[in-house]
Amino acid sequence: MVGDMGKNVFRMVITAFCAALMWGVASGSGQAIEPIRLGVAGAHSGDLASYGLPTVKAAELVVKEVNAAGGILGRQVEILAEDDVCKPEIATNTATRLISLKVDLVLGHICSGATKAALGIYKDAGLLVMSPSATNPELTQSGDYPNFYRTIAADDAQARLEVDFALDVLKVKKIAVLHDKGDYGKGLAEYARKFIEASDGQAQVVLYEGVTPGAVDYSAVVQKIKRAGAEAVIFGGYHPEASKIVMQMRKKRLPTLFISDDGVKDDTFIKVAGEYADGVYASGPRDVSRNPLAAAATEAHKKAYGSEPGAFFLNAYAATQALLNAVAKAGSTDSAALARALKSEFVETPLGRISFDARGDAIGVGFSMYQVKNGVYVEVRQ
Amino acid sequence: MDYFLELFLGGLTRGSIYALIALGYTMVYGIIGLINFAHGEIYMLGAFTGLIVASLLTVFGLNQYAILVLASLVAMVYAAAYGYTVEKIAYRPLRQASRLSPLISAIGMSIFLQNYVRLAQTSDFLPFPALIPDLAFMEPYAHIIGSAELVILLVTAMVMLLLTAVIRFTRIGRAMRATAQDKGMAMLVGVDVNRVISITFMIGSALAALGGVLIASHIGQINFAIGFIAGIKAFTAAVLGGIGSIPGAVLGGFVLGCTESFATGYVSSDYEDVFAFGLLVLILVFRPAGILGRAAAEKV
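Chains as they are written, first to last, in our numbering: chain V, 1 to 382; chain P, 1001 to 1300.
Encoded structure:
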């Protein structure tokens, strides 16, 4: 009983203190000017908190900097973080709560499933949402969520890049698509096949096969590639199989081009395949390590929190910058004006100079094509 | 027709890779009725030894043929020592135990050797130099069959003939056959059974190492796990051809290799293993002892 009393008193004191504090803040910023409310939704507790918390920190760092410089359009920016523990059924509540708190923009969510569940609610409320980490291709490509943007490449971005590169740069007409039957390799190969088939006859898939990983010999597949008359091979998988296939192709005097993914964009591939690796194309994550903004953001994180930033930190940093920049350029938080600004204005971020395409995917984020030249991967400049 | 020929030759070379490893399996099984699961690992050890020796000799600037021969020889001797040791540690103490015990012991040996190499060497893939040089007269046919493949094919055939001759015509061959027929009786008439079994293991291991060096220089890469899949496929080839039979292992290898090659060529490589193991089931249904195996009456 006594303990309960004590707790109640404590609670009252805290409440009073908070009320006083809020009153202080509200009066301090001037009552006429409403702050810009940035909702940050994602996993902030539970198993996947390590994916969600770096985004909160990124938003805090950007907002601190913006507020110190006088805010946006003369308004301060306020962060409202809400936890969805990466669960779709909770994400809908998270979204409803953020809307009831009258947020102007949403940064999040983190997981694709939770993002998808929440997007419909935001759409009905006319809110703009930007995720630093949801990679499910459907989120942008289905066209169901025109209010959704992201600063990370979709799962199919590599396949898209490889196919575009093969068709537009290498100008090949006949392509063999191979994979190693694994989740990663096969998923990529299926997208590649889909994109080639959707190219309106610009090129065709002449062979689509899975090879057995770890086999001693791939000569039958190599003969099949030759018989199909493929000008290029797109391979989804990892370097041990890729190097064997490339070596056997070259030993059978087959000059077919070889295009693969970031499972192959690995120095072990070059080490193992040796001279045969030369000329092989592979897509890989764009290198941001030389971007001074990325170094500065990382440094700011270390200074503020005393640790290295976590997952998707730079993507979230870029997303927050892009959102606030759009507000500044649009001159309001009206979502139609914001959408126009996001698609027309470029913004300098740790990920590079980015803008957004019609579907909401970031332009300038994601993967680049590399080619092995004299034993090293070199980025292909188009 | 060209396509058929290419697939057929591809199947033959793949089959000869299996056969070269299968010979050791089948020999050991023929003599003591044990499936030596560590055989694939001896193959892997042979490849590693070959790589180390070849790298060393390249530093000394020897010519390519000398390196190939020396690396193979050293790998064979080294692997023979391993075979001898493995037999002595893992199988000999279990000679009188039930058939299951040495089998489990063999699996344990296989896991041990794999992880030993992983720890002592590396878990990465290592490039293996092409020790078998490209022969000039093979160049017009390179798109069908490479020099390395031709060498592997010829070596497999030679080894098969040599082994058959050893077992049929030499003194140790006769002792092997006697041991295979009846260990107790062979001992009674003065055959040193332990020595015969040791020699069998050493020969089998040396062949695996030879296979390791040749095949690795054809594939161009090795790591600690290559023995597993190669071992499984070679074991399948040995069973297919009739385990215990020397020509059977080679025939089994060819049949398996060609089946895989044609399955990939005419159907899809997605179903390569389905066809290979489907064939194994079919053959075992109609010929339980394998293609060339003799259905021996169970000794009571």
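For every residue, glycine included, the Cβ atom is placed at its ideal position computed from N, Cα and C.
- The straight-line gap separating the alpha-carbon atoms of Gln1221 (chain P) and Leu1214 (chain P) is approximately 12 Å.
- Under the three-state reduction of DSSP output, Gln1114 (chain P) falls in the helix class.
- Under the Cβ distance rule, Thr349 (chain V) does not count among the residues neighbouring chain P, no pair being separated by less than 8 Å.
- Considered as a whole, the region 1225-1250 of chain P harbours no complete run of any beta strand (DSSP E) with no fewer than 3 residues.
- Taking a Cβ-Cβ threshold of 7 Å, the residues of chain V close to Pro1127 (chain P) are Lys271, Val272, Gly274, in chain order.
- Separation of Ile354 (chain V) and Thr268 (chain V) (C-alpha to C-alpha, rounded to the nearest whole angstrom) is 32 Å.
- Taking a beta-carbon distance threshold of 8 Å, Asp47 (chain V) does not count as an interface residue toward chain P.
- Around the beta-carbon of Lys373 (chain V), fewer than 16 other beta-carbon atoms lie within 10 Å, marking it exposed.
- For Ile1243 (chain P), the number of other beta carbons within 10 angstroms of its own is at least 16, and it is reported as buried.
- At least 8 Å separates the beta-carbon of Lys194 (chain V) from that of Glu231 (chain V).
- Note on Ile1111 (chain P): under 16 other CB atoms within 10 angstroms of its CB, so exposed under the neighbour-count rule.
- In summary, Ser289 (chain V) is exposed, with fewer than 16 beta-carbon neighbours lying within 10 Å of its beta-carbon over all protein chains present.
- Beyond the five residues adjoining it in sequence on each side, Ala1225 (chain P) comes within less than 7 Å, by CB distance, of Gln1114 in the same chain, given in chain order.
- At the C-beta level, Ile1152 (chain P) and Leu1020 (chain P) come within 8 Å of one another.
- At a cut-off of 8 Å between beta-carbon atoms, Gln1114 (chain P) makes no contact with chain V.
- With respect to chain P, the C-beta atom of Glu209 (chain V) has a partner C-beta closer than 8 Å.
- In the DSSP assignment, Asp361 (chain V) is bridged to V:Arg150.
- Identification of residues in the region 243-268 of chain V having a C-beta nearer than 7 Å to some C-beta of chain P yields Ser243, Lys244, Met247, Lys251, Lys252, Arg253, Thr268, given in sequence order.
- The CB of Val216 (chain V) comes closer than 9 Å to the CB of Arg1014, Ile1017, Tyr1018, Ile1215, His1218, Ile1219, Ile1226, Ile1229, Ala1230, Lys1233 in chain P, given here in chain order.
- Assignment of Leu1034 (chain P) by DSSP, reduced to helix, strand and coil, places it in the coil class.
- Close to Lys224 (chain V), with beta-carbon spacing below 8 Å, are these residues of chain P in chain order: Thr1264, Gly1265, Ser1269.
- Secondary structure of Leu1051 (chain P) (DSSP, three-state): helix.
- CA-CA distance, Tyr1018 (chain P) to Leu254 (chain V), rounds to 25 Å.
- Secondary structure at Arg286 (chain V): coil, using DSSP grouped into helix, strand and coil.
- Gly263 (chain V) counts as buried, since at least 16 other C-beta atoms from the protein chains shown sit within 10 angstroms of its C-beta.
- For Gly1010 (chain P), the nearest beta carbon of chain V is closer than 8 Å to its own beta carbon.
- Only residues of its own chain outside the window of five on either side were considered, and among them Glu1272, Ala1276 have a CB closer than 6 Å to the CB of Glu1260 (chain P), listed in chain order.
- Under the Cβ criterion of 8 Å, Val376 (chain V) is not counted among the residues facing chain P.
- Interface annotation, Leu1150 (chain P): not in contact with chain V, CB-CB separation never under 8 Å.
- A straight-line Cα-Cα distance of about 10 Å links Gly46 (chain V) and Asp84 (chain V).
- By the Cβ test, the region 127-146 of chain V is in contact with the region 319-339 of chain V, since at least three Cβ pairs between them sit closer than 8 Å.
- In the three-state reduction of the DSSP assignment, Gly210 (chain V) falls in the strand class.
- Per the coordinates, the alpha-carbon of Lys123 (chain V) lies some 37 Å from the alpha-carbon of Ala166 (chain V).
- Boundaries for Met1138 (chain P): no alpha helix (DSSP H) harbours it, and the DSSP string shows neither H nor E there.
- At a cut-off of 8 Å between C-beta atoms, Ala220 (chain V) counts as an interface residue with respect to chain P.
- A straight line joining the alpha-carbon of Met1076 (chain P) with that of Leu314 (chain V) spans about 54 Å.
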